[in-house]
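> Sending over a structure as structure tokens; questions will come in a sec.
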Amino acid sequence: MESITKNRQSLDSLRAMVARAYGDDQVPSGTSSEGDWVQELGHGWFNVAYRLRLRDGYQAVLKVAPPAGVEVMTYERQAMANELTALSLLKQTDVPVPVVDFADSSGELVDAGWFMMRYVDADNYGVIRSTLSACEQDKLDVAVGAATRSLNALTGPAFGPLNGPGVPSWRQCFLGMVADVLHDGERRDVDLDYAGIHTLVAAHAGYLDEVTEPRFVEWDLWPSNVLIRDGRIECLIDHERAFYGDPLIEAGFVATQQPAFGNPTAFVRGYGKVTFTENERIRRRLYNLYLTTTMVIEAVYRGRTDPDRNAWARARLAEAMARLS
Numbered sequence: 001m002e003s004i005t006k007n008r009q010s011l012d013s014l015r016a017m018v019a020r021a022y023g024d025d026q027v028p029s030g031t032s033s034e035g036d037w038v039q040e041l042g043h044g045w046f047n048v049a050y051r052l053r054l055r056d057g058y059q060a061v062l063k064v065a066p067p068a069g070v071e072v073m074t075y076e077r078q079a080m081a082n083e084l085t086a087l088s089l090l091k092q093t094d095v096p097v098p099v100v101d102f103a104d105s106s107g108e109l110v111d112a113g114w115f116m117m118r119y120v121d122a123d124n125y126g127v128i129r130s131t132l133s134a135c136e137q138d139k140l141d142v143a144v145g146a147a148t149r150s151l152n153a154l155t156g157p158a159f160g161p162l163n164g165p166g167v168p169s170w171r172q173c174f175l176g177m178v179a180d181v182l183h184d185g186e187r188r189d190v191d192l193d194y195a196g197i198h199t200l201v202a203a204h205a206g207y208l209d210e211v212t213e214p215r216f217v218e219w220d221l222w223p224s225n226v227l228i229r230d231g232r233i234e235c236l237i238d239h240e241r242a243f244y245g246d247p248l249i250e251a252g253f254v255a256t257q258q259p260a261f262g263n264p265t266a267f268v269r270g271y272g273k274v275t276f277t278e279n280e281r282i283r284r285r286l287y288n289l290y291l292t293t294t295m296v297i298e299a300v301y302r303g304r305t306d307p308d309r310n311a312w313a314r315a316r317l318a319e320a321m322a323r324l325s
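Read in order, the letters of the sequence shown correspond to residues 1 to 325 in full-length UniProt numbering.
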């Protein structure tokens, strides 16, 4: 996926990062061009990622944070540090995640943080999902639901970023998240009904008080962040948006209130969520409003100009507002 946040590197820079992470003896020799020992992985929207083959045949994935001069949304600041914390926390679960080999935030080799992790030989579920049978999709969606529940079992000291500072209530945290994304939109003059969104959120904020325990949430666990092999989940990737909050905000629950996002039945079954209370349905509508607002605003920060994709996001935002009105 194309985005101005992708901090692409020269072959010389990539060699320097390999040397720092794995030693000089692992740097690919000769003047090999891209495609021989390095391949850009193009599925993500935010960080650039490369698949590297080292001199001894070991394969790694390099992720590089956005360039220092590129403006990102408020919740995306320090995203790479957040992902590294998430990966460390998730070692406590039975959910497979990448193994980090090396991380560097010094800024000495490139103008941003970066880290190396072990390459996982598997297919991207989001890419191949349409080629699978309905039965295969159902089985995998159930597995994603179960994995999400395992992630949500982790608890935190407060609501908010994994690395802090947190706040004591979910209402305070979520209202702050909404305020941040609206400010991001206003800063870049994105055409939105800011007053209408703020009014809807404020009118339903009391429903957030039912959430009293901060739990680890991925928020971005879509099929494109699931790697599969032989019909099973091999690894979950891209954890930079994780925080402590309400598990109901997870991506798998989006379609329970907006069917345009897909069929949530198998995910919900795998998660073990049998029914939704009226409070939970309203909270989920609030979370959909936040998500779709973010989708519209982030298009500007990413430099995305696809009119169909942008129109689809705006249609989902209008739908989310109508469901809360």
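Using N, Cα and C, we set each Cβ at its ideal position, and we do this for glycine too.
Quick caveat: nothing in here was measured; it's all calculated off a predicted structure.
1. What ranges does the beta strand (DSSP E) occupy inside the segment 182-222, keeping only unbroken runs of at least 3 residues that lie completely in it?
2. Indicate whether A205 and R171 have their beta-carbon atoms separated by less than 7 angstroms.
3. Within 10 angstroms of the Cβ of D308, are there 16 or more other Cβ atoms? Answer buried if so, exposed if not.
4. In chain order, what residues of the same chain lie with their CB nearer than 7 angstroms to the CB of E34, ignoring the 5 residues before and after it?
5. With a threshold of 7 angstroms on Cβ separation, who are the neighbours of R284 within its own chain once the five nearest residues in sequence on each side are excluded?
6. Among L132, D191, G303, A266, which residue has its Cα nearest to the Cα of I228?
7. Among A146, V18, V97, which has the Cα closest to the Cα of T265?
8. In the DSSP assignment, what residue or residues form a beta bridge with R51?
9. Should the segment 83-100 be regarded as contacting the segment 160-170, the criterion being three or more beta carbon pairs within less than 8 angstroms?
10. Could you tell me whether any Cβ in chain C is nearer than 7 angstroms to the Cβ of A81?
11. Taking the runs of the alpha helix (DSSP H) that are 4 residues or longer, which of them lie wholly in the segment 85-152?
12. Distance check for N288 and W222, CA to CA, integer angstroms please.
13. Please look up how many angstroms separate the CB atoms of A65 and M80, rounded, as I've assumed it's under 8 angstroms.
14. Grouping DSSP H, G and I as helix and E and B as strand, with all else coil, what is V167?
15. Can you look up E34 in the DSSP assignment and give me helix, strand or coil?
16. Less than 7 angstroms between the beta carbons of N7 and A112, yes or no?
17. Specify the secondary structure class of I237 as computed by DSSP and reduced to three states.
Inspection of the coordinates gives the following:
1. 215-217
2. yes
3. It is exposed - the Cβ of D308 has fewer than 16 other Cβ atoms within 10 Å.
4. Caution is warranted here: a pLDDT of 49 is assigned to E34, below 50, making its placement in the model unreliable, and no coordinate value can be reported.
5. L248, F253, T256, Q257
6. That would be L132, whose Cα lies nearest to the Cα of I228.
7. Taking only the C-alpha atoms, the option nearest T265 is A146.
8. Listed as beta-bridge partners of R51 by DSSP are Q39, V61.
9. yes
10. Absent from the structure: chain C. Only one protein chain is present.
11. 125-128, 134-152
12. 14 angstroms
13. 4 angstroms
14. strand
15. Only weak support is given to the placement of E34: the predicted model assigns it a pLDDT of 49, under 50, and the value that follows is read from those uncertain coordinates. Correct three-state label for E34: coil.
16. yes
17. coil
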